[in-house]
Amino acid sequence: MRIPLDWLNEYVPTELPVRKLAYVLTNVGLEVEAIEGADEAAHEAVVFDITVTPNRGDSLSVLGAARELAMTLRTKVVFRPPSVAESGPPAESLAKITLDDPKLCPRYSGRIVRGVKIAPSPEWAQRRLELCGLRPIDNVVDATNLAMLELGQPLHAFDYQLLGKAAGADIPEIIVRSAKAGERLVTIDGEERELTPEVLLIADPSGPIALAGIMGGSSTEIHEATTEVLLESAHFDPSTIRRGARALGMSTEASYRFERTVDPGGTVRALDRACELIAEFCGEAEIAVGVVDAYPDPYEEVEIELRPDRANALLGVKLSAAEMADYLRLLDLQVEAGEVLRVRVPTFRQDLRKEIDLVEEVARVHGYENIPEELPRTGAGVGGLASELVFERQVRGLMRGLGLSEAVTPSLEGAEGHNRLGLSEGDARRRAAVLSNWKTMDRSQLRTTLLTSLLDVVAHNRRHGVEEVGIFDVGRVYLPGAEGELPDQPQHLGLAATGVMTRGRWQVGRDLQSWDFYALKGIVESLLAAAARSEGEFAPVENPSLAPGRAAQVSVKGQVVGQLGEVSREVREAYDLPAPVFVAELDLDLLRNCAAEEAQYRPVSRYPAVTRDVAFLLERDVSAERAESIIREAAGDDLETLALFDAFEGEPVPEGQRNLAFSLSFRRSDKTLTDEEAEAAMERVRAALRQKLGARIRE
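For the sequence shown, position 538 (counting from the first letter as 1) is numbered 524 according to the numbering used here, and the numbering increases by one without interruption.
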């Protein structure tokens, strides 16, 4: 934006040197990128080229820059409201305005000027336009451009006689609406443009006559024979103008301002200023009485509360409430003083909506150079990882220590993975969040399980001749939440293993070298013991991805944290995996919450342990875990360890039953256990097994 310095001086008289003025403007946010002109002392023919941030559309004018300069110099803007001599019929009897969608065009104001004689504008006006980078056209168009540069409100002049009328109507009608597909318009630059529905139009009953907020059309432009003019001054939705300008590949002085928001309360003031200039340039022009103003839902001034203590805390200063109130009044804001300042924001400051916006304004007025540099005060301490990261690192270290390799898999996957896992149509994991801009089908949605990625890794290795795989992955999954809400994003641990686990150990049989259900279960148990400092609970579970009878649910302290098992034959076939594959998936967030806060220490007893065995028959459908819990409960506090060492079915065990054998180790910390005490504990165990499980104890 180019602003002649002598024009700025009309609003804020100052004798500051040019470069000092440039520094002052830059320091409050209006960056002066270049200074043009020779006579710096007299401020004549000097032009500031200023860059304005996108949120400060109110500064894209001489008046806007003057407000900022006056605030910095602690003075007032010299502003004379425009004066219009009206005569003739009321404007509302000469034109009609229809807003098709007030959200896209909240306000549209118009004035009618008659008796216009098109001619060149005065020399001073042409020179001022040229200094601002605009080409003089004629007295009417130049008046609208000068008003825009001065007040920041773009205007457009239509030849009143060329506007169309509705059937049976006596006056022309202006219609603000979205373009229809296939409509065309020849703009005043001579280009024919094909329009799309995202472009906002100014139309009359005959069709499009202008691109709203961008450029006028040639069918109604001002020409040498024009005698009557309808002046347009509107407020358009900024995003709508931005989309339309980009769709058409256009950028004009008007669109540049509308995209950054103009003052909805300033449309009539800009019309009055343009009419004042037209009357001055044309001499005999007659301005109709009043304004045709379509403004169905007027903007209200925003009221914001500012807490001085909060502002001081954020800025690191010690300003009183009265000082802050005075600062904000310099910005033309109305302030009601008190412990909390109540600030009323005028419509030209559309960027001020929250308390933090006012805090920034206080900082600008106070001066950034006056805010002391001070390091934040914090309690002394050393750096460290958050507890979540400490737990994650511990898990990764445990998995690597147990012989697994870490895999890093992508968070994006395709829906085909759910089909290969055999998930039912009602499974919540099928309701994955789908990307709106996905590039390939196999990376179109966020994963809801780690199993698809891990099985892809196993299959990839298999295709490349690697048959022994033991891997883990720690990553987020994205589980569907309520409608319209973001997915839940828990952190999961996934495990996958297949093939030989310990190759080349001659003392270990080949069947014991390969991965199986119990090997993976041992990995999970080791994790629970080390990371959660708790023993896990395992129970049978049905999972469409896992083989029946070889799948278990993992719980810690009654909280289900995941599942493990052997991949079903159907899933293996879907991934082309001939050998058995064993997988597990645990919710690390739940596991971390279940973990004991700190490890419990128990002194090592110096007294010997007493070991006893118990073997018994019971029904096949009674789990060994159920038997183990009953034994622990009956054995008492002296029980140190309990282990299942035998499970047998078949002859000579009766059909439908099986034989289980547990080894129990008892120990006391204060003395040596006697045989009688150990035997008493074993008798309680045998009695509990008989009574609660109907077990038959084998002698």
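Every residue gets a Cβ at the ideal spot worked out from N, C-alpha and C, and that includes glycine. From a predicted model like this one, the values you see are computed outputs, not experimental measurements.
Within the region 137 to 216, no run of alpha helix (DSSP H) at least 4 residues long lies entirely inside it. For the pair E19 and D35, the CB atoms are nearer than the 8 Å cut-off.
When the alpha-carbon of A265 is set against those of E663, H221 and T213, the nearest one is in T213. A contact between stretches requires three or more CB pairs, one per stretch, nearer than 8 Å, and the region 245 to 260 meets this requirement with the region 131 to 143. Close CB contacts of D190 within its chain, under the 7 Å cut and outside five residues either way in sequence, are with L149, G150, P158, E159, I160 and I161 (chain order).
The residue among E184, G269 and T438 with its C-alpha nearest the C-alpha of A231 is E184. One Cα belongs to D249, the other to H221, and the distance between them is close to 7 Å. In this structure, the straight-line span from the alpha carbon of A537 to that of P224 is close to 59 Å. Annotation for D428: G400 place their beta carbon closer than 6 Å to its own, counting only its chain and skipping 5 residues before and after.
Under the 8 Å Cβ criterion, the region 316 to 330 counts as touching the region 282 to 302, having at least three qualifying pairs. For L317, the three-state secondary structure derived from DSSP is coil.
Setting aside the 5 residues that flank it on each side, F602 is surrounded in the same chain by L646, L675, A681, R682, I683 and R684, each with a C-beta closer than 7 Å to its C-beta; the list follows chain order. Just measuring C-alpha positions, the residue of L572, L11, V38 and R5 sitting nearest E22 is R5. In this structure L186 is not in contact with E169, their Cβ atoms being roughly 12 Å apart against a cut-off of 8 Å. For V596 against R672, the beta-carbon gap comes to about 16 Å, at or over 8 Å, which does not count as contact. In this structure, A211 and G202 do not form a Cβ contact; the two beta carbons are roughly 17 Å apart against a cut-off of 8 Å. With contacts defined by Cβ atoms closer than 8 Å, A445 and L532 do not form a contacting pair.
In the structure shown, P526 adopts extended strand secondary structure according to DSSP, grouped into three states. F458 and R386 have their C-alpha atoms roughly 9 Å apart. Ranked by Cα distance from K543, the first of L574, V510, Q549 and C580 is C580.
Note on geometry: alpha-carbon atoms of E262 and A129 lie some 9 Å from one another. In this structure, DSSP gives K82 an extended state, which the three-state scheme calls strand.
E309 and E239 have their C-alpha atoms roughly 38 Å apart. If you compare the alpha carbons of V32, L90 and V590 with that of R228, the shortest gap goes to L90.
Put simply, the region 267 to 287 touches the region 69 to 79. At least three CB pairs are less than 8 Å apart. Taking R644 as the centre and dropping the five residues before and after it, the same chain places the C-beta of R606 and E635 closer than 6 Å to its C-beta, in chain order. If you look at V590, you'll find it isn't in any beta strand (DSSP E); DSSP assigns it neither H nor E. Take the alpha-carbon of K62 and the one of S241: they are about 30 Å apart.
Assignment of beta-bridge partners to P76 by DSSP yields V275.
In terms of Cα proximity to R433, the closest of F244, S397 and K425 is S397. Fully enclosed alpha helix (DSSP H) runs of no fewer than 4 residues occupy 402 to 407 of the region 386 to 417, in order along the chain.
Its Cα nearest to that of R243, the residue V38 stands out among T0, G470 and V38.
Distance from L576 to V547 at the Cβ level is roughly 5 Å; contact confirmed, criterion being Cβ atoms closer than 8 Å. When rounded, the separation of the alpha-carbon atoms in S373 and V443 is 30 Å. Scanning the region 413 to 486 from its first residue to its last, the whole alpha helix (DSSP H) runs of 4-plus residues come out as 437 to 449. Residue pairing by DSSP places T37 opposite E17 in a beta bridge.
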